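Line by line, the protein sequences give chains A and B. If you're matching positions, the first sequence starts at 0 in numbering that gives the first Met the number 0 and goes up one per residue. If you're matching positions, the second sequence starts at 0 in numbering that gives the first Met the number 0 and goes up one per residue. Have a look at the structure below, then the notes.
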Amino acid sequence: MIGDGNRPRPAPDVQIEILDGEAVVFHVATLQILHLNRSAALIWYLCDGRRTVAEICALLADAYPSAAEQIRDDVERTLRLLWEKGALVAESAEVFDSTLG
Amino acid sequence: MPSPRRFSIPPSADGATRLVVKFADTLASIDFDDRSLAQRASSILRHCVVPCTAPTNARAHFVFQVESADESTCALISGDTAAVRGLEESALIERLIYEISLALGTGGHSSLVFHAAGLSSADRGIVLCGKSGCGKSTLSTALILAGFDFLSDELVAIRADATRMDGFPRAIALKDLTPFGGDVRVDAPDAVNATATLNGMTYLDPCTLRPGSLRRQATPRALVFPLYSTVAPPEFRRLSPAETAFLLLPRLVNTRQQVDRGFRAVTGLARMVSGFRLVYRDLAQAIAWLAQIVGE
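Next comes the structure, spelled out in structure tokens:
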């Protein structure tokens with residue numbers, strides 16, 4: 000599990016462009032490119048370095064109550080992908096590390 | 000944005016045969032000390048060659064020299080430094096085509112240059128983007144035979160405002176002619192001069208496939224990402240702008256010339272020009288789908 004208290008934020012050198020609600024994330028240094036669907040793009044936007052993972056999940060659960068049970072898994076999967084691709088950094092990276100083994 | 004290195008085109012050496020080739024707003028000159036080598040290169044580059052009647056006034060971004068070292072080997076010299084020596088003739092021509100494509104693709108463009116094929120129906124341009132081996136050349140050949148005009152087999156320059164695309168119309172490089180059976184007319188009257196074979200690769204002049212099929216520019220209408228597959232189900236679907244940008248950015252050749260490695264410009268292009276995913280195994284079906292989008 001990714002720590003609820005973590006505050007993920009975009010990595011330096013990462014650019015994002017929103018196109019019709021979806022997103023393209025580009026890491027200028029590594030040339031890594033990601034395509035985010037609308038849900039993933041929304042999660043990305045909530046990763047501002049101030050909100051915790053728990054707060055992100057709570058916000059999304061309020062906005063989409065019918066999907067509340069699924070949201071935690073979706074957020075975790077998306078954050079893990081973004082972190083593995085170098086698009087997100089975490090306040091304490093070891094919290095992510097401990098979940099990836 | 001870094002300025003491209005520019006070279007004045009010096010007068011050619013006595014007896015040298017010169018070709019000057021153009022792609023969008025970039026030039027390269029090649030001097031050959033052997034006329035037969037120049038003719039072999041010209042058979043592949045003939046539609047990219049521009050007149051060079053006033054060499055002292057002209058400017059080029061890139062200068063190449065081809066020298067015959069002895070009866071069996073040649074040297075390719077690029078700019079001020081010796082690039083490659085000891086090449087057999089066919090290997091040299093192949094290397095020359097590669098080096099010129101690389102130089103013209105990466106140097107000095109105000110446009111976005113993509114590793115892609117370009118075709119058009121009237122002014123409505125289609126860009127076929129994909130890695131080598133995805134079937135761009137095969138599909139291009141089939142589209143020319145079906146009545147589309149040819150802009151390029153390898154490089155397409157697109158203005159960031161999507162108002163124009165330019166091609167680099169060197170001969171089409173085909174690894175395999177079998178998908179066409181007898182449909183590719185390599186026995187056309189001028190095929191001897193228009194077609195070359197290098198290390199198993201056949202270079203076909205588009206005008207041999209269909210006279211008058213060459214076109215220099217068009218307006219980009221569709222960015223198509225083709226994949227020839229006998230396994231995956233055939234598919235032709237419109238992509239979202241984000242999907243288009245995601246697939247298009249890795250095909251950008253002149254990334255170093257662009258701010259943010261071209262990210263903003265490519266996403267901007269993906270907003271303006273529709274993207275399509277094309278998975279095909281039947282060329283006729285693929286042509287029919289592509290004809291739809293230029294006919295819309």
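Using N, Cα and C, we set each Cβ at its ideal position, and we do this for glycine too. Remember, predicted model here, so these are calculated numbers, not experimental data.
Contact set for residue i: own chain, Cβ-Cβ below 7 Å, skip 5 residues either direction
| i | result |
| --- | --- |
| residue 266(B) | 244 |
| residue 161(B) | 219, 268, 271 and 272 |
| residue 44(B) | 18, 20 and 169 |
| residue 71(A) | 56 |
| residue 84(A) | 31 and 33 |
| residue 17(A) | 40 |
Of the residues the options, the one placed nearest residue i, counting alpha carbons only
| i | options | result |
| --- | --- | --- |
| residue 158(B) | 43(B), 138(B), 88(B) and 110(B) | 110(B) |
| residue 140(B) | 171(B), 163(B) and 160(B) | 171(B) |
| residue 117(B) | 130(B), 36(B), 103(B) and 156(B) | 156(B) |
| residue 129(B) | 282(B), 250(B) and 256(B) | 250(B) |
| residue 287(B) | 46(B), 45(B), 138(B) and 38(B) | 138(B) |
| residue 252(B) | 30(A), 15(A) and 24(A) | 30(A) |
| residue 199(B) | 103(B), 89(B) and 24(B) | 89(B) |
| residue 224(B) | 233(B), 262(B) and 277(B) | 277(B) |
| residue 258(B) | 2(A), 3(A) and 14(A) | 14(A) |
| residue 38(B) | 68(B), 92(B) and 71(B) | 92(B) |
| residue 204(B) | 233(B), 248(B), 263(B) and 173(B) | 173(B) |
| residue 23(B) | 96(B), 154(B), 97(B) and 74(B) | 154(B) |
| residue 7(A) | 49(A), 27(A) and 22(A) | 49(A) |
| residue 214(B) | 281(B), 123(B), 131(B) and 254(B) | 123(B) |
| residue 237(B) | 212(B), 289(B) and 280(B) | 289(B) |
| residue 210(B) | 101(B), 47(B) and 149(B) | 149(B) |
| residue 69(B) | 60(B), 201(B) and 87(B) | 87(B) |
| residue 146(B) | 121(B), 132(B), 126(B) and 136(B) | 121(B) |
| residue 235(B) | 263(B), 274(B) and 246(B) | 274(B) |
| residue 98(B) | 26(B), 143(B) and 119(B) | 26(B) |
| residue 24(A) | 230(B), 282(B), 248(B) and 254(B) | 248(B) |
Neighbouring residues, chain B, relative to residue i (Cβ below 9 Å)
| i | result |
| --- | --- |
| residue 30(A) | 248, 249, 254 and 260 |
Which of helix, strand or coil DSSP assigns to residue i
| i | result |
| --- | --- |
| residue 37(A) | helix |
| residue 56(B) | For residue 56(B), the predicted model reports a pLDDT of 41, less than 50, meaning its position is unreliable and no value from the coordinates is stated. |
| residue 38(B) | helix |
| residue 27(A) | coil |
| residue 353(B) | Past the boundaries of the shown model lies residue 353(B); chain B is included only from 0 to 295, so the question cannot be answered. |
| residue 193(B) | Here residue 193(B) scores only 46 on pLDDT, less than 50, and its place in the model should not be relied on; the value that follows carries that caveat. Of the three classes helix, strand and coil, the one that applies to residue 193(B) here is helix, per DSSP. |
| residue 20(B) | strand |
| residue 140(B) | helix |
| residue 25(B) | strand |
| residue 291(B) | helix |
| residue 100(B) | helix |
| residue 11(A) | coil |
| residue 188(B) | Its pLDDT being 42, under 50, residue 188(B) is placed unreliably by the model, and the measurement read from it follows with that caveat. Residue 188(B): coil per DSSP, three-state reduction. |
| residue 237(B) | strand |
| residue 64(A) | helix |
Any C-beta of chain E under 7 Å from that of residue i
| i | result |
| --- | --- |
| residue 19(A) | The displayed structure is made up of protein chains A and B, and chain E is not among them. |
Chain A residues whose Cβ lies nearer than 8 Å to that of residue i
| i | result |
| --- | --- |
| residue 245(B) | 23, 32, 33 and 34 |
| residue 240(B) | 18, 19 and 21 |
| residue 266(B) | 16, 18 and 23 |
Listed by chain order, chain B residues near residue i by CB distance under 7 Å
| i | result |
| --- | --- |
| residue 14(A) | 259 and 262 |
Partners in chain B for residue i, counting only beta-carbon separations shorter than 8 Å
| i | result |
| --- | --- |
| residue 27(A) | 259, 260 and 262 |
Proximal residues of chain A, C-beta to C-beta of residue i below 7 Å
| i | result |
| --- | --- |
| residue 270(B) | 18 |
Same chain, Cβ closer than 6 Å to residue i, neighbours up to 5 away in sequence not counted
| i | result |
| --- | --- |
| residue 292(B) | 221 |
| residue 49(B) | 19 and 21 |
| residue 16(B) | 31, 34 and 37 |
| residue 216(B) | 163 and 165 |
Those residues which DSSP pairs with residue i across a bridge
| i | result |
| --- | --- |
| residue 200(B) | 197(B) |
| residue 73(B) | 67(B) and 86(B) |
| residue 279(B) | 227(B) |
| residue 30(B) | 17(B) and 64(B) |
| residue 114(B) | 154(B) |
| residue 212(B) | According to DSSP, which records beta bridges pairwise, residue 212(B) is partnered with nothing at all. |
| residue 50(B) | Beta-bridge pairing links residue 50(B) to no other residue. |
| residue 80(A) | Note: residue 80(A) sits in no beta bridge, so no partner. |
| residue 16(A) | 23(A) |
Chain-order list of residues whose beta-carbon lies under 8 Å from that of residue i (same chain, five-residue window excluded)
| i | result |
| --- | --- |
| residue 76(B) | 63, 64, 65, 66 and 82 |
| residue 95(B) | 29, 40, 63, 65 and 75 |
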